[in-house]
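A short worksheet on the structure shown next.
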Amino acid sequence: MFSWYVFTVHENNNIASSGRHPGIRVYGGRWKYLTFINLVMQMLFFGLCVVVDLIHVLLSKKSVASAFLVKLQDFFFTVLAFPVGTFVFTIFWCIYVYDRELVFPRVLDDIIPTWLNHAMVQPPPSLYYKHLTIIY
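For the sequence shown, UniProt numbering assigns the number 1 to the initial residue and increments by one for each residue that follows.
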């Protein structure tokens, strides 16, 4: 998952560098969009998951570093990744169904590919519920 999020952030930034997106050149750039902030946060969370798994493989599970990283991963998931990811998913699609022009105007269809829009919003809830059932 980490590699998917790295790829998605990279593709999102390629759109930014093309200069075609109308909101890139104004105050805040991409960072004013909650979907982009969520995308970066998911990438950081799944990167932390990879680091925790590598530490578990390379070091003892009872090491201080391992225990700290597991606590950090649980904290990050509980406080940021799960609530924000679920909020962004729920609010985006509810508003999209109500009036698409409020969250993703049709003008952006030519700029942001459909797969990238779904990649920014869709995966978090399904991945979180899988994470919850596997880990906890």
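Positions of the beta carbon are idealized from the N, C-alpha and C atoms, including for glycine.
Nearest neighbour of glutamine 122 by Cα position, chosen from Lys32, Thr90, His10, Ser3, turns out to be Thr90. Counting C-beta pairs closer than 8 Å gives three or more between the segment 46-61 and the segment 69-78, which meets the contact rule.
Under a 10 Å Cβ-count criterion, glycine 85 is classified as buried, with 16 or more other Cβ atoms of the shown protein chains found around its own Cβ. In the same chain as threonine 35, and ignoring 5 residues on each side of it, the C-beta atoms closer than 7 Å to its own belong to Val88, Phe92, Met120, Val121, in chain order.
In the structure shown, the three-state DSSP call for aspartate 74 is helix.
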